[in-house]
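Here is the structure we will look at.
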Amino acid sequence: MEWQAEEGRRRLRDPPGWTPPWRAVLLAASILSSSFLLAQGQLSTTTFYNISISRNPPETLEGQTVNLTLEYPTTNFALCNWYREIDTKEHLIVTLYLPPLAGNTTGPFYTGREVGGFGCSLLIKKLRLDDTGTYVVTMNGPSVDGKGDIKIQVLEAINHISVRDPGKIVENSTTYLNCTASGFNVSYYWLKGNQRLQAGGHIFLSTNGQNLILSRTRRQDSGLYTCCGINSFSNNSANYKLNVFYGPDAPVISPSGQFYAEGSNLTLSCQADSNPPAEYTWSFKNSRHSGGIYQLFRLSSANNGTYTCEASNNETKLSQSKVQPICVLENLSEPILSPSESYVAEKKRFTLNCSTINSSTVTVTWSKDSKPFPTNVKFDHENRTLTLLEFQQPDAGTYTCTAQNPFSKATSNPSTLTLAYGPKSVQLNQSGTIEQPLGSELVLLCSAESVPPAKFEWFFNNTVKNGMENTLNVPLKDWEDEGNYTCRATNPFTKHTTSAAVYVKLTDESSIQSRMSPAAIAGTTIGTVAGVVLCVIVVYFLCTKATCWKKEQHASNGNIPSAPGHNQATDTKSKPGEEDIQYSTLAFNTKNTSQPLSKSPRPLDSGIIYSEIKKK
Numbered sequence: 001m002e003w004q005a006e007e008g009r010r011r012l013r014d015p016p017g018w019t020p021p022w023r024a025v026l027l028a029a030s031i032l033s034s035s036f037l038l039a040q041g042q043l044s045t046t047t048f049y050n051i052s053i054s055r056n057p058p059e060t061l062e063g064q065t066v067n068l069t070l071e072y073p074t075t076n077f078a079l080c081n082w083y084r085e086i087d088t089k090e091h092l093i094v095t096l097y098l099p100p101l102a103g104n105t106t107g108p109f110y111t112g113r114e115v116g117g118f119g120c121s122l123l124i125k126k127l128r129l130d131d132t133g134t135y136v137v138t139m140n141g142p143s144v145d146g147k148g149d150i151k152i153q154v155l156e157a158i159n160h161i162s163v164r165d166p167g168k169i170v171e172n173s174t175t176y177l178n179c180t181a182s183g184f185n186v187s188y189y190w191l192k193g194n195q196r197l198q199a200g201g202h203i204f205l206s207t208n209g210q211n212l213i214l215s216r217t218r219r220q221d222s223g224l225y226t227c228c229g230i231n232s233f234s235n236n237s238a239n240y241k242l243n244v245f246y247g248p249d250a251p252v253i254s255p256s257g258q259f260y261a262e263g264s265n266l267t268l269s270c271q272a273d274s275n276p277p278a279e280y281t282w283s284f285k286n287s288r289h290s291g292g293i294y295q296l297f298r299l300s301s302a303n304n305g306t307y308t309c310e311a312s313n314n315e316t317k318l319s320q321s322k323v324q325p326i327c328v329l330e331n332l333s334e335p336i337l338s339p340s341e342s343y344v345a346e347k348k349r350f351t352l353n354c355s356t357i358n359s360s361t362v363t364v365t366w367s368k369d370s371k372p373f374p375t376n377v378k379f380d381h382e383n384r385t386l387t388l389l390e391f392q393q394p395d396a397g398t399y400t401c402t403a404q405n406p407f408s409k410a411t412s413n414p415s416t417l418t419l420a421y422g423p424k425s426v427q428l429n430q431s432g433t434i435e436q437p438l439g440s441e442l443v444l445l446c447s448a449e450s451v452p453p454a455k456f457e458w459f460f461n462n463t464v465k466n467g468m469e470n471t472l473n474v475p476l477k478d479w480e481d482e483g484n485y486t487c488r489a490t491n492p493f494t495k496h497t498t499s500a501a502v503y504v505k506l507t508d509e510s511s512i513q514s515r516m517s518p519a520a521i522a523g524t525t526i527g528t529v530a531g532v533v534l535c536v537i538v539v540y541f542l543c544t545k546a547t548c549w550k551k552e553q554h555a556s557n558g559n560i561p562s563a564p565g566h567n568q569a570t571d572t573k574s575k576p577g578e579e580d581i582q583y584s585t586l587a588f589n590t591k592n593t594s595q596p597l598s599k600s601p602r603p604l605d606s607g608i609i610y611s612e613i614k615k616k
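Each step along the sequence shown adds one to the number in UniProt numbering, with nothing skipped, and position 519 is 519.
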């Protein structure tokens with residue numbers, strides 16, 4: 001008995017968890033057996049207790065640790081046994097010895113994660129799903145037995161969450177996203193980016209949120225989707241990048257202009273919204289070019305035409321094309337404006353022509369110096385003809401036309417239009433009747449207002465007279481130079497004419513009249529007349545007696561009057577046996593009786609007196 005007591009004290013000194021050798025186990029069993037026999041001899045019954053078991057934490061989670069502790073009213077228990085499901089030795093996990101004994105022995109269900117603790121508690125680490133089940137504990141001691149059990153369900157945390165690949169997604173098709181996860185009582189929700197998705201529109205969610213359905217999938221639906229799994233004690237998530245194939249949309253060609261300058265370079269770019277990016281093919285006439293960029297160098301008329309860009313998508317099997325016309329414009333040369341200058345008659349219709357390239361791409365505009373542009377105009381032939389309907393003075397000026405296309409501009413030669421008018425205000429440097437001495441020189445100057453300048457002609461008594469343009473120089477040598485001198489002005493453009501005239505009266509330069517007073521001239525005239533009358537009386541008297549009888553005979557021969565302006569004598573021969581009789585005709589000017597003789601005697605203005613002189 002002393003040996004048994006010593007062996008018990010040695011066991012108390014051993015550290016916890018120490019497993020005694022088999023001889024010690026047999027010794028302990030014999031001691032317990034003898035004790036139980038003594039107790040049975042002393043006591044006739046064994047007390048049985050229901051052992052209460054609690055767990056901490058209350059929820060047993062996969063991967064975590066749970067501690068099973070016992071609640072019992074007595075400390076007489078010497079050992080306890082933990083079992084799985086049923087308390088048989090085949091299901092034993094571990095046997096724990098209570099003080100004063102110590103140590104443990106393991107059974108078939110021991111996994112190495114179970115650790116005995118104070119008061120026969122059992123700590124299970126790194127819980128696994130297969131740890132779920134009923135745990136049974138039995139306790140034994142002198143005259144006491146106890147038993148208890150507890151059910152443990154290891155709750156699975158959410159693991160292995162994933163989104164199933166729906167395959168190729170094309171715009172306007174239906175997309176199914178399915179999320180799966182392992183775990184206890186998992187519920188789901190979805191995020192796109194950081195925004196939680198709600199059912200509505202083309203978005204549908206299953207009851208537990210596990211399935212996301214996109215009806216008529218849009219290209220904007222592309223993006224990162226997150227499936228979130230959650231239960232009362234864990235959560236997990238998985239991402240899926242949704243790639244929606246779409247397009248191509250209608251291609252866009254840039255630059256979009258149609259007209260380009262000759263000799264320039266052009267780079268055409270074709271782009272279409274598409275996923276995946278579209279493949280491009282250019283077509284021009286019979287040539288094809290791959291790629292979104294088409295370059296043209298030193299443009300010429302050979303590049304005129306229609307360029308087609310076709311965009312295609314290998315995933316959607318769709319394609320679209322765009323057509324771009326190109327027109328190469330030559331650099332404009334200076335237009336020709338005709339006529340370059342002209343006179344225009346007032347209120348006449350006049351047309352200017354601007355000659356330039358006959359192309360719809362060329363626009364023609366007109367300008368007129370700094371004055372307001374005429375309003376009474378008409379444009380024809382795509383503005384290449386300007387017609388002034390009724391030409392007026394404000395329409396006169398310098399006109400130009402400008403040809404322009406989108407890349408060049410040229411201005412024509414100027415055309416100057418002048419209003420033609422006149423002649424008017426024709427006048428001579430002398431007017432009315434002018435006196436000019438015989439033998440002097442007549443100088444006449446003629447002027448007129450006229451555009452263009454007038455041409456001048458000279459006339460003398462309606463007979464053309466040679467002159468030097470607007471000047472007439474006439475030597476007045478003869479009395480016949482007296483008369484009307486006329487200047488006629490003619491506008492060479494309008495052919496209008498206007499005249500002005502003067503009357504030139506010639507005078508004798510040595511005339512007494514030019515030196516005598518009016519009273520002397522009157523006296524001289526009277527005396528001259530009286531002398532002539534006296535001479536006539538004397539002659540008449542002498543001839544009356546001798547020749548009166550022949551007067552009628554001679555009168556029958558006729559009297560020949562002198563030419564006007566001259567003194568003239570007519571002689572007649574007498575017949576045989578008759579006396580010669582001469583008649584004299586005397587002409588005189590009562591206004592100028594003292595005029596001297598000249599080279600060309602001035603014609604007389606007086607009447608004619610006949611006288612007969614008889615010679616014997």
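Beta carbons: idealized from backbone N, C-alpha and C, even for Gly.
In this text, all values refer to a predicted model and were calculated from it rather than measured experimentally.
Status (buried if at least 16 other CB within 10 Å, exposed otherwise) for residue i
{"i": "PRO475", "result": "exposed"}
{"i": "THR335", "result": "Before going further, note that residue 335 is Pro rather than Thr in the sequence given. Its Cβ being crowded by 16 or more others within 10 Å, PRO335 is buried."}
{"i": "THR498", "result": "buried"}
{"i": "GLY292", "result": "buried"}
{"i": "GLY209", "result": "buried"}
{"i": "SER34", "result": "With a pLDDT of only 40 at SER34, under 50, the local geometry of the prediction cannot be trusted, and the value read off the model is given with reservation. Classification for SER34: exposed."}
{"i": "GLY116", "result": "buried"}
{"i": "PHE118", "result": "exposed"}
{"i": "SER300", "result": "exposed"}
{"i": "ALA448", "result": "buried"}
{"i": "ALA302", "result": "exposed"}
{"i": "THR174", "result": "exposed"}
{"i": "ILE537", "result": "exposed"}
Rounded C-alpha distance that separates residue i from residue j
{"i": "ILE169", "j": "GLN64", "result": "42 Å"}
{"i": "LYS347", "j": "GLY422", "result": "14 Å"}
{"i": "PRO374", "j": "VAL323", "result": "44 Å"}
{"i": "THR433", "j": "ASN466", "result": "21 Å"}
{"i": "ILE93", "j": "VAL163", "result": "41 Å"}
{"i": "LEU506", "j": "ASN470", "result": "23 Å"}
{"i": "LEU123", "j": "LEU214", "result": "49 Å"}
{"i": "THR418", "j": "ASP395", "result": "8 Å"}
{"i": "ASP131", "j": "ASN236", "result": "23 Å"}
{"i": "THR45", "j": "ASN185", "result": "49 Å"}
{"i": "ASP478", "j": "THR490", "result": "30 Å"}
{"i": "GLY112", "j": "LEU68", "result": "16 Å"}
{"i": "SER312", "j": "PHE379", "result": "50 Å"}
{"i": "PRO492", "j": "GLU330", "result": "44 Å"}
{"i": "ALA500", "j": "GLN436", "result": "19 Å"}
{"i": "SER52", "j": "ARG196", "result": "47 Å"}
{"i": "THR74", "j": "CYS227", "result": "54 Å"}
{"i": "THR106", "j": "THR180", "result": "40 Å"}
{"i": "LYS371", "j": "SER450", "result": "23 Å"}
{"i": "LEU445", "j": "ASN462", "result": "18 Å"}
{"i": "TRP82", "j": "ILE230", "result": "34 Å"}
{"i": "PRO339", "j": "LEU386", "result": "12 Å"}
{"i": "ASN429", "j": "SER355", "result": "49 Å"}
Proximity to residue i [Cα-Cα], best of the options
{"i": "VAL443", "options": "PHE407, TYR485, PHE284 and VAL451", "result": "TYR485"}
{"i": "ILE86", "options": "THR281, ASN275 and THR138", "result": "THR138"}
{"i": "LYS89", "options": "GLN392, ASN376, TYR110 and TRP479", "result": "TYR110"}
{"i": "SER232", "options": "TYR188, PHE204, GLN210 and ASN461", "result": "TYR188"}
{"i": "PHE456", "options": "LYS424, TRP479, LYS477 and GLU482", "result": "LYS424"}
{"i": "residue 627", "options": "GLY305, THR308, GLY397 and GLY292", "result": "With the chain running from 1 to 616 in the structure shown, residue 627 is simply not present."}
{"i": "LEU242", "options": "SER431, ILE152, ALA157 and ASP165", "result": "ASP165"}
{"i": "GLY167", "options": "ASN405, ALA157, ASN178 and GLN210", "result": "ASN178"}
{"i": "SER182", "options": "ASN159, THR308 and LEU191", "result": "ASN159"}
{"i": "SER440", "options": "ASN473, SER222 and GLY146", "result": "ASN473"}
{"i": "SER408", "options": "VAL502, SER264 and ASN194", "result": "SER264"}
{"i": "GLU262", "options": "TYR135, VAL328 and THR316", "result": "VAL328"}
{"i": "ASP369", "options": "SER360, SER355 and ASN413", "result": "ASN413"}
{"i": "GLN404", "options": "ASN383, THR416, SER415 and ALA420", "result": "ASN383"}
Residue-level contact to chain D via CB, residue i, 9 Å cutoff
{"i": "VAL426", "result": "The structure shown has no chain D; it contains just one protein chain."}
Taking only runs of the beta strand (DSSP E) that begin and end inside the segment 75-122, which ones reach a length of at least 3 residues, in chain order? 79-84, 92-97, 104-106 and 114-116
Below 8 Å, how does it come out for the segment 380-390 and the segment 341-355: are there three or more Cβ pairs, yes or no? yes
Flag this pair as touching only if the segment 273-284 and the segment 242-254 have three or more C-beta atom pairs under 8 Å; answer yes or no. yes
Scan the segment 171-229 and note each continuous beta strand (DSSP E) run of 3 residues or more that stays entirely inside, going in chain order. 175-182, 187-192, 203-205 and 211-214
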